[in-house]
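All remarks here apply to the structure that follows.
Protein chains: 4
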Amino acid sequence: MNTYTYPKFGAGLWHFANYVDRYAVDGYGPALSTLEQIRIAGTVEDLSYVDVPYPFTEGVSVSDVKEALANAGLKAIGVTPEIYLRRFSRGAFTNPDPAIRQQAFELMHEAAKVVRELGANYVKVWPGQDGWDYPFQVDHKNLWKLAVDGMRELASANPDVKFAIEYKPREPRVKMTWDSAARTLLGIDDIGLDNVGILLDFGHALFAGESPADSAQLIIDRGRLFGMDVNDNLRGWDDDLVVGTVHMTEIFEFFYVLKINNWQGVWQLDQFPFREDNVEAANLSIRFLKHIYRALDKLDIAALQAAQAEQNPLRAQKIIQNALLSSIE
Amino acid sequence: MNTYTYPKFGAGLWHFANYVDRYAVDGYGPALSTLEQIRIAGTVEDLSYVDVPYPFTEGVSVSDVKEALANAGLKAIGVTPEIYLRRFSRGAFTNPDPAIRQQAFELMHEAAKVVRELGANYVKVWPGQDGWDYPFQVDHKNLWKLAVDGMRELASANPDVKFAIEYKPREPRVKMTWDSAARTLLGIDDIGLDNVGILLDFGHALFAGESPADSAQLIIDRGRLFGMDVNDNLRGWDDDLVVGTVHMTEIFEFFYVLKINNWQGVWQLDQFPFREDNVEAANLSIRFLKHIYRALDKLDIAALQAAQAEQNPLRAQKIIQNALLSSIE
Amino acid sequence: MNTYTYPKFGAGLWHFANYVDRYAVDGYGPALSTLEQIRIAGTVEDLSYVDVPYPFTEGVSVSDVKEALANAGLKAIGVTPEIYLRRFSRGAFTNPDPAIRQQAFELMHEAAKVVRELGANYVKVWPGQDGWDYPFQVDHKNLWKLAVDGMRELASANPDVKFAIEYKPREPRVKMTWDSAARTLLGIDDIGLDNVGILLDFGHALFAGESPADSAQLIIDRGRLFGMDVNDNLRGWDDDLVVGTVHMTEIFEFFYVLKINNWQGVWQLDQFPFREDNVEAANLSIRFLKHIYRALDKLDIAALQAAQAEQNPLRAQKIIQNALLSSIE
Amino acid sequence: MNTYTYPKFGAGLWHFANYVDRYAVDGYGPALSTLEQIRIAGTVEDLSYVDVPYPFTEGVSVSDVKEALANAGLKAIGVTPEIYLRRFSRGAFTNPDPAIRQQAFELMHEAAKVVRELGANYVKVWPGQDGWDYPFQVDHKNLWKLAVDGMRELASANPDVKFAIEYKPREPRVKMTWDSAARTLLGIDDIGLDNVGILLDFGHALFAGESPADSAQLIIDRGRLFGMDVNDNLRGWDDDLVVGTVHMTEIFEFFYVLKINNWQGVWQLDQFPFREDNVEAANLSIRFLKHIYRALDKLDIAALQAAQAEQNPLRAQKIIQNALLSSIE
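Chains as they are written, first to last, in the UniProt record's numbering: chain A, 1 to 329; chain B, 1 to 329; chain C, 1 to 329; chain D, 1 to 329.
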């Protein structure tokens with residue numbers, strides 16, 4: 001029996017928050033401070049990293065966060081500026097009001113500072129309010145220009161910091177500007193800076209009609225895979241379910257592509273356990289991801305590549321089922 | 001030039017609220033009291049009815065609401081018990097905890113009382129938290145039994161009040177129990193009571209992969225169309241956009257079916273103008289609905305029915321385009 | 001190590017045909033006769049049943065088919081009248097032309113005869129051309145009436161034969177009349193005959209936005225599950241992929257529901273291996289289904305039911321992963 | 001009353017063919033020769049151009065086609081090599097077999113010749129069989145490389161001919177390689193040749209989850225909009241319905257973007273009237289497109305742009321409804 005050295009696991013800190021939505025306006029549980037969320041995250045077995053939303057909850061300073069992370073045995077992998085709160089509900093980079101765009105930049109510059117202070121890897125940029133809701137609402141040329149120019153401005157002002165764009169087809173906007181792997185890479189080409197890349201969310205790729213494995217390969221081939229996170233959904237929405245509960249085969253293929261490209265990085269969770277115990281949800285997720293890791297070890301990669309050279313799906317599936325359908329521990 | 005006597009128009013009172021979602025947790029605007037929402041609704045031209053969520057916001061009594069409605073020149077068409085707040089986030093009728101189910105019943109009994117006091121038409125029952133999120137989460141037989149038995153219990157305890165179930169495929173649950181027109185009619189058959197029917201939401205039907213016109217016909221043929229409301233979306237989600245902004249033809253077909261069946265009732269809006277002026281949104285909607293009403297008047301129904309008898313879509317489309325693409329006023 | 005007595009496996013005979021589509025109009029391979037298809041089916045390991053389309057290919061008689069089945073070691077489970085060929089391209093039961101409807105009935109009466117002659121279980125009725133393509137194309141009331149009345153007429157004329165309706169949301173029609181489990185049960189209620197039931201296709205249920213497990217339960221609870229078949233897809237279309245290649249968890253839940261309801265019947269394949277070796281495709285499928293069968297044997301059902309009583313998805317998923325992620329043999 | 005000089009209208013020649021699919025294997029009508037299809041196309045009012053599939057049907061030469069086009073009063077806008085027939089069912093550019101790839105190149109070189117001989121504008125390249133069906137079937141890096149390198153090879157060998165890639169998310173493959181506007185532009189960037197561009201199909205963009213108007217703008221901004229065609233669908237599949245029957249607003253926005261960018265080109269139809277009279281279908285389509293053209297003339301573009309500068313959808317919608325809902329002629 002093998003002993004495995006697993007990759008490092010991480011999670012968005014919001015995994016350990018409580019949520020609201022447009023119906024349960026009183027929330028699925030009481031609001032928790034940044035420090036409480038960190039403390040809870042620290043109780044997950046085998047969690048090493050968190051992505052920390054910024055601003056922190058009221059009264060919490062960077063040094064408080066540093067201390068809480070140290071106490072919890074955690075590090076920050078990224079910082080996520082909340083450019084999707086009320087102020088930015090009509091857009092951050094693409095807000096029609098230049099004064100609001102300016103506020104968004106300021107918030108992101110501060111997030112870059114926090115990245116430096118926490119020794120994190122990147123600012124995660126998720127402009128969920130940038131986009132449109134209705135046909136004819138926007139001038140598409142102008143909207144895209146605002147999105148691309150703004151990202152360039154941000155990244156060139158912070159050349160020592162990485163910016164990882166997390167694309168998603170939609171929500172909260174009916175249509176998001178950075179909606180897919182290919183569109184985001186196209187924008188990154190236009191930006192022309194080395195410190196702009198992609199945070200690839202497995203569920204967003206599924207939701208976008210992509211093969212997450214293919215998207216990972218495409219992004220890696222352009223040297224832009226700055227980070228990734230996983231979860232699951234039913235393809236029609238960004239459900240942020242616990243990883244492995246629906247798409248076992250495709251998550252396996254996703255990690256297979258990371259492995260053959262020798263991508264080294266944190267295996268992160270981006271999940272919203274609205275009605276579940278969030279620590280148990282994280283533990284179940286990591287248990288499953290370890291199974292995936294072991295299954296990759298068992299996988300006959302040479303045989304799989306031979307089957308893929310012939311594009312023979314039956315042979316490929318037999319090989320991967322042999323590895324995936326081995327006993328979970 | 002014709003003078004038209006338009007149908008009565010209505011709206012869910014939430015049309016005039018502000019919203020939160022899982023990202024803009026500080027809301028798209030400040031929270032408004034039930035009375036403020038009613039006052040704003042009263043400023044919409046040609047609005048006669050509202051559907052009122054219950055409980056009212058803090059400190060507001062039924063007599064306050066009555067007075068506010070009178071002042072605003074509005075009537076209550078329905079009352080919507082909020083069986084989707086935190087307490088009920090794991091379900092109302094189908095909550096695994098019998099004590100919570102009991103609380104849900106109590107809230108709905110109160111809503112029935114408010115219907116009586118306001119002289120409204122029905123309790124609207126929208127059990128948005130009843131359902132499941134994950135494969136294997138529930139015993140499907142038991143869940144459906146709880147849903148059907150609970151609805152029967154509720155309706156038989158209030159035989160003088162109508163209960164209108166509003167089905168929707170999903171959200172906030174990944175899968176809702178009352179998910180489609182047919183499933184809801186099947187449950188209603190099992191319930192076996194005359195005072196349980198359906199509130200048909202145009203957008204929910206689209207989202208469910210139905211033809212809303214067909215669903216309306218099916219529900220009418222079983223005598224269960226207790227109410228309806230309209231909005232628009234891109235079919236993949238319950239976007240609650242302003243009616244007429246995307247699916248002009250299908251909303252026209254929907255109202256055509258209501259007309260040929262001589263369905264008399266309020267033309268209601270169920271829209272969430274997250275980032276828009278909600279009064280302007282209602283006015284634009286009603287302007288469009290009046291166009292639809294006039295277009296129905298211009299429609300050559302005999303010719304259309306002849307085309308439909310042959311199932312000839314080209315002829316049918318030519319006829320309806322002649323009516324729909326006439327000048328909006 | 002256990003020795004298992006597996007259920008009987010079956011397949012639609014078309015699994016062993018070649019296909020055309022609207023682009024590859026010269027077909028993905030040469031056309032094969034009914035007898036050749038039977039011969040090929042006979043080479044699949046562990047296949048016991050086939051569903052036979054009718055009419056047979058040119059020059060093939062019922063006794064030819066009987067003989068070929070015997071030679072191949074196969075039995076007919078059902079007969080599928082091809083009420084979706086050119087003649088019926090504007091509908092079978094719902095065709096606007098009564099003469100064509102009559103022809104469809106005649107073909108289905110013949111299929112009923114073949115069921116008797118082959119000792120099969122049912123006529124499978126899949127009215128893929130019954131429905132509509134465009135808004136306003138049909139009178140929905142009339143269309144549904146034709147569908148329901150026609151099915152009643154057919155079944156009452158053949159009281160000794162079972163008729164299994166296979167619902168599907170769409171294709172080749174943009175919208176099919178029998179589109180979902182609930183709608184089909186609603187129609188069956190209206191028909192009011194014992195010999196009309198449902199052939200539940202796993203992939204059609206997924207495509208319809210249903211949980212196939214839930215649909216199975218609903219149909220079983222009304223005593224109408226006459227047959228079932230499996231395959232896989234990406235939820236957005238009836239891809240008829242090899243079972244188990246995408247939705248491992250949901251196929252497991254589907255068979256779990258059949259097991260706890262003690263449903264005894266043939267585990268059938270309805271797959272279209274357009275570009276693959278169809279015998280290998282069937283063998284891979286059956287290998288996977290045997291794994292599912294063994295995993296059900298390993299499943300801690302009591303623990304699962306306890307988790308479901310609390311609607312606890314994390315606990316449920318852990319239990320089912322323990323069973324599903326055991327070594328395939 | 002204005003007299004309008006309308007744009008030129010065109011259609012894929014297949015609009016006037018008959019179709020088969022995987023169910024109606026005997027076709028929705030008798031097969032028609034290339035020359036018969038051209039003759040029928042010639043009976044459509046106001047049709048000036050056709051896109052001609054190649055190879056022509058048996059026994060038809062280029063000079064036959066030339067003569068038939070002249071007799072019908074038509075010109076060829078493009079030539080579409082049928083790189084999706086049986087031979088290429090496992091791929092054209094990305095076929096695992098180099099010999100088949102070679103055959104695909106040869107066919108496309110011939111198509112380039114026909115473009116020259118007919119004086120057409122481009123070879124339309126639609127590699128519908130290039131892609132995959134199953135998770136793990138292909139090496140994504142290699143597949144994309146084959147697609148891009150092959151297109152470069154083709155275009156560089158025919159520098160005097162334009163190649164217009166028509167992207168589509170899927171069908172007949174479960175996933176197509178050239179699946180979206182952004183991905184196709186990314187590939188075109190990598191190809192690095194001026195004579196490779198895009199044929200933008202309105203329905204494919206809708207099906208891909210894009211705003212067709214936004215896709216048009218993105219492609220125009222990179223100078224790659226070589227052609228376009230229109231139709232309609234329900235967003236979940238490439239239904240190829242008659243234009244204007246479902247998405248009136250979005251087709252209007254699409255043509256609005258073409259207008260403000262001063263894009264001059266043929267307004268083509270790509271429709272599959274499976275069960276309808278194809279000439280009537282084309283006439284209805286062109287009638288609708290003329291309405292769109294006139295509505296663009298009535299549109300208050302300055303007011304719309306002011307509304308868009310504020311991203312105000314209510315104001316924008318009011319303005320466009322005023323233009324679109326004017327009387328059709």
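Yeah, the Cβ is synthetic: ideal placement off N, Cα and C, and Gly gets one too.
- In the displayed model, D97(B) falls within coil according to three-state DSSP, outside both helix and strand.
- Listed in chain order, the positions of the segment 109 to 137 of chain C with a beta carbon within less than 8 Å of a beta carbon of chain D are G128, Q129, D133, Y134 and P135.
- Nearest to A147(B) by alpha-carbon distance, out of V123(B), I188(B) and D51(B), is I188(B).
- The beta carbon of Q305(A) sits closer than 8 Å to some beta carbon of chain D.
- Take the alpha-carbon of V242(C) and the one of D232(C): they are about 6 Å apart.
- The Cβ of E171(C) sits no closer than 8 Å to any Cβ of chain B.
- Within the segment 68 to 90 of chain D, the residues whose Cβ lies closer than 9 Å to some Cβ of chain C are E82, Y84, L85, R86, R87, F88, S89 and R90, listed in chain order.
- Closest by C-alpha distance to P135(D), out of K318(A), S327(A), S326(A) and I328(A), is K318(A).
- Under the Cβ criterion of 8 Å, S215(C) is not counted among the residues facing chain A.
- Counted as a single uninterrupted DSSP element, the stretch harbouring G42(A) is not any alpha helix (DSSP H), since DSSP gives it neither H nor E.
- Chain B has no Cβ within less than 8 Å of the Cβ of Y54(A).
- In the three-state scheme derived from DSSP, where H, G and I count as helix and E and B as strand, V279(B) is classed as helix.
- In the three-state scheme derived from DSSP, where H, G and I count as helix and E and B as strand, V50(C) is classed as strand.
- Considering only beta carbons, the part of the segment 10 to 31 of chain A lying closer than 8 Å to chain B consists of Y19, V20, D21, R22, Y23, A24, V25, D26, G27, Y28 and G29, in chain order.
- The C-alpha of L284(D) lies about 50 Å from the C-alpha of F274(A).
- 8 Å or more divides the Cβ of L85(D) from the Cβ of S48(D).
- Between L186(D) and L185(A), the CB-CB gap stays under 8 Å.
- Scanning G197(B), N261(B) and P169(B) for the CA closest to the CA of D214(B) turns up N261(B).
- Using a C-beta cut-off of 8 Å, the segment 214 to 227 of chain B makes contact with the segment 250 to 260 of chain B, since at least three inter-stretch Cβ pairs fall below that distance.
- Nearest Cα to F9(C) within the set D21(C), G265(C), P96(C) and V125(C): G265(C).
- Interface with chain C (8 Å Cβ-Cβ cutoff): A155(A) is excluded.
- By the CB criterion at 8 Å, G78(A) and K124(A) fall inside the cutoff.
- For L199(B), there is no enclosing alpha helix (DSSP H); the enclosing beta strand (DSSP E) covers residues V196 to D201.
- In the structure shown, the three-state DSSP call for I292(A) is helix.
- Close CB contacts of G131(D) within its chain, under the 6 Å cut and outside five residues either way in sequence, are with R173, K175, M176 and T177 (chain order).
- One Cα belongs to W144(C), the other to G203(C), and the distance between them is close to 24 Å.
- Y122(B) sits in a strand when the DSSP states are folded into three classes.
- K318(C) reaches chain A at L284 and R287, counting residues in chain order whose Cβ is nearer than 8 Å.
- Within chain A, no residue has its CB atom less than 9 Å from the CB of W267(D), the nearest being about 19 Å off.
- Beta-carbon to beta-carbon, A104(C) and I83(C) are separated by about 5 Å, close enough to satisfy the 8 Å threshold.
- For W144(D), the enclosing alpha helix (DSSP H) covers residues H140 to A157.
- The alpha-carbon of F226(C) is positioned some 50 Å away from that of G227(A).
- Here W267(D) has P7, F9 and L289 as same chain residues with Cβ atoms under 6 Å from its own Cβ, once five neighbours each way along the sequence are excluded.
- Annotated three-state conformation of V161(D) is coil, per DSSP.
- In terms of Cβ geometry, I191(D) and R152(D) form a close pair [threshold 8 Å].
- Under a criterion of Cβ atoms nearer than 9 Å, the residues of chain B adjacent to R235(D) are, in order, L234, R235 and G236.
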